[in-house]
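At position 433 of the sequence shown the residue is numbered 433 (the numbering used here), and the sequence of numbers has no breaks.
Here a beta-carbon is modelled for each residue, glycine too, at the ideal position from N, C-alpha and C.
Just so it is clear, the structure is predicted and the values come from calculations on it, not from any experiment.
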Amino acid sequence: MSGLLGRLGSWCARHGKAVLALWVVAAALLTAGSVFFPGPVSNDVSIPGTDAQRAVDLMKDGFGPGYGVGSSAQIVLYSPDGPLISEDRKRAVERAVDRIRDVPHVKEVKSPYQVGGLAPSLEIGIIAIKLEGNDTAKLAETTKLLSAAAEPARAAGIEAVPASSGSPADKEIKTGTSEIIGVVCALLVLLLAFGTLVAAMIPIFTALISIATGLGVVSLLGHIVDVPKQASIMATMIGLGVGIDYALFLLSRHRKLLADGLPVPEAVRRTAAGSGGAVVFAGGTVIIALSALMLAGFPLLQTLGWITGISVVCAVVTSVTLVPALLGLLGHRVNALRLPFTGRRGSHGSSGWASLGNWVARRPWSVLALSVALLGALAAPALALKLGTLDNGYADRGTDTRRSYELLQAGFGPGMNGPLVVVADLDTRVVDREPAPAVLGNLKERVADVEGVVHVGDPVLNRGGTAALVQAIPAYAPGDPRALEVVKAVRALDVEGAQVHVGGQVAGMADAGDRISGRTPLVVGVVVLLSALLLLLAFRSPVVAIKAALMNLVSLGAAFGALSLVFSLGLGSRLVGMDTPVSADGSYLSTVFFTVPIDSYIPLMLFAILFGLSMDYEVFLLTAVRQAYMKHGDNRRAVAEGLGSTGRVITSAALIMVAVFVAFVAYPDPMVKIFGVGLAVAIAVDATIIRGLLVPATMALLGRANWWCPAWLDRILPDLSVEGHEEDEERKGPERPEGPRRELVGAGRG
């Protein structure tokens, strides 16, 4: 593979202007297409085979407009200066209701003055709206029109806030400020690492082209497949981080070769052949990890996985084509515009890391014990990680989402924000609808008797008389674990003549959690196995492959420990910008620490992303260690040299990723904050404790066993090369000892 990448890199360098123009034009066209013909986004949270999905399917069958996901909306009214029943306020509200009836797609509007529309205080009310169809993609646009139609109420001094169902993760997330902050931080790190403005701008430019291309593809895919609203932010977070990192690795290798006296064309070829192969294998592990989410059994998670993988593919392709083209065009000008007091030693400033490598190689047992103790302390809080429903009470304060949640809770109780949709599949078709058959009355009574249910609406029969729908209001907020107990209790009801199913936000997330927890061992097993197999193909060493896969699991423990400290234990919730939730009476809690539930799909998504990203640094470190070992056959010396040659670049790359992910913590959306914290901590731990201490210590202890490969396995493995060590052998010539190649079967192949 190194030969193929070397030839590709040489070709791109020779045709640099054409390659650069093709990438710029492709990025510009895709970006323009996404701006002028944006694909619709959705949040398909269907979970086939679950009880909540069965309830949704029954709702779609003959209940008419206003019943089902995306088919209803609300305008929450609040009159701070007096009750809504005063004559002037009532007239203003009725004018707003009349205007709402004229909004497209509205089939029915229920005034707050009808039964159940006013809170006991008479200061808070609800305009309930039923829409035609079940199109979630149009719900956001329709909600804006509904809010504008409520202007007569606002003119009378009444606050009118649109409300929608779902969690903060369901809301459309727009990119912007955090990306700029991340890019600026990355540029500063690159300036310190390289010391020249031209060199620092190459990874930034490459990553921006990669991101523009990937986001354009994702947007246009919305015309073909359901693209989740979180797709763009996830693609940006991961694509920006790996795009800069991969270009950084290539550029560091190229500048070192130039410093060694190689001509530009040969330096580009060797860079593409050596570091380019490492980039392809590193990107392959990320894509494998994300692709494994297809086994999670949760469509939202599956789609997020492969769409995020698109950004990684773009990062890899731009790295092995656009970067060589830029290097060929710039030549020695890659070191132009040097900044004062930075990067004076260029690519040779690795003496500190070499000293650390020698120190670790001399006392591996002590370093191993220290690393295990540190990682154990960091991972211990993960045992307290609490999963739950991330409801709108944790949305950014001041948004319509948060405000409507607070008003509904203050006026009608916390359960109003997470009603249960109880759908009964009737054993026999009900023909006589007036008066309601006994089975419907029995259904309402049984649901009302469930502990934790405070209100039950009148049953609604579908057109065919085969199913009945009842809305039940629990006493608890959607994020309260007790709400799950209410769901279980309603599902356990034995109603004569009917089979009870429960849908809604709380029930859906509960089923998603059960499905994901059941599939997690399968996903983890597949990711670890395939990643280890890829490393086996790259380095032809079972020991290295298995050890690398296990090491990556260790960094995950630290990430989940940090999430638990910040969100589950609440020790840093304010530090990441989380707003204080509201209490049962609608007032803000004054506590300094408060817990935030984590949606059940987030840990598995984090696992896939982090496992792939951690493998990046493993590949680059192992590449350098193997190159050194193949030269002289001294394992401990190879470990020290490998850490010395890669420590600076890996640290710079990790610092860039941490800066990018921390920048996303500033997003108002709590889901993005959770991902930002988890990713930043994991990368920081991985690049310091694990790659700087734990991996070198274990490799020093294992000795030549690191590169052992059984003869039978060596014969069946394809002949791939990730290191590009043939160039080093050319320069080294007869100084390289023959011992390692004789003793380690297959160690010198590729």
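Selected residue, minimal CA-CA separation from residue i, among the options
i	options	result
A52	D494, G388, V490, D81	V490
Y113	I546, R101, L29, R89	R89
G33	L58, R7, L220	L220
A315	G241, E94, D57, K110	G241
P324	L408, L20, P120	L20
G644	S355, V313, D61	S355
N635	R574, I689, E141, W707	W707
M509	F539, G525, D599, F560	D599
L84	A382, A156, K130, D57	A156
L339	D396, A199, V665, Y601	A199
Y476	G274, S564, G393, N552	G393
V681	T698, V695, A663	A663
I129	A150, R463, A119	A150
Reduced DSSP category for residue i - H, G, I as helix; E, B as strand; rest coil
i	result
H15	coil
L8	helix
G125	strand
A685	It is worth fixing the name first, because residue 685 is Val in this sequence and not Ala. In the structure shown, V685 sits in a helix (DSSP, three-state: H, G or I).
G750	At G750, the pLDDT of 34 sits below 50, so the modelled position is not reliable; the number obtained from the coordinates is stated separately. Coil at G750, not helix or strand.
R338	strand
V227	strand
S573	coil
L493	coil
I47	coil
L20	helix
S72	strand
I716	helix
E727	Note on E727: pLDDT 45, under 50, position unreliable in the model; no value is reported.
G3	helix
L118	strand
A532	helix
L84	coil
Residue j beta carbon less than 8 Å from that of residue i
i	j	result
A608	A379	no
A498	D449	no
T285	L534	yes
G276	G9	yes
F298	A512	yes
I100	I127	yes
A272	L257	no
T213	L30	yes
I690	M657	no
W23	T236	no
G261	S210	no
V227	V218	yes
G388	G504	no
F620	T646	yes
L329	G16	yes
V495	A55	no
A700	A369	no
L440	P459	yes
V660	G222	no
V672	I233	yes
CB-CB length for residue i against residue j, believed under 8 Å
i	j	result
S614	D686	5 Å
A638	V649	No, A638 and V649 are not in contact; Cβ-Cβ is about 18 Å, not under 8 Å.
I124	L197	With a Cβ gap of about 58 Å, I124 and L197 do not count as contacting.
L606	A384	About 17 Å separates the two Cβ atoms, so there is no contact after all.
A467	V447	Going by Cβ atoms, the distance from A467 to V447 rounds to 15 Å, so no, they are not a contact pair.
V422	V523	About 32 Å; that fails the 8 Å criterion.
L248	S652	6 Å
V279	L300	The pair is not a contact, with the Cβ atoms about 30 Å apart (cut-off 8 Å).
M551	E485	That belief does not hold up - the Cβ atoms of M551 and E485 are roughly 40 Å apart, past 8 Å.
A558	S531	Between S531 and A558 the Cβ distance is about 18 Å, and since that is not below 8 Å, they are no contact.
Residues bridged to residue i (per DSSP)
i	result
A273	In the DSSP output, where bridge partners are listed per residue, A273 has none listed.
Y78	I124, E159
H455	I473
D425	A467, Q499
V109	I129
T196	R338
A150	Looking at the DSSP assignment, A150 forms no beta bridge with any residue, so it has no partner.
V658	In the DSSP output, where bridge partners are listed per residue, V658 has none listed.
V460	L469
I598	L387
Any chain B beta carbon closer than 8 Å to residue i
i	result
M294	The displayed structure is made up of one protein chain only, and chain B is not part of it.
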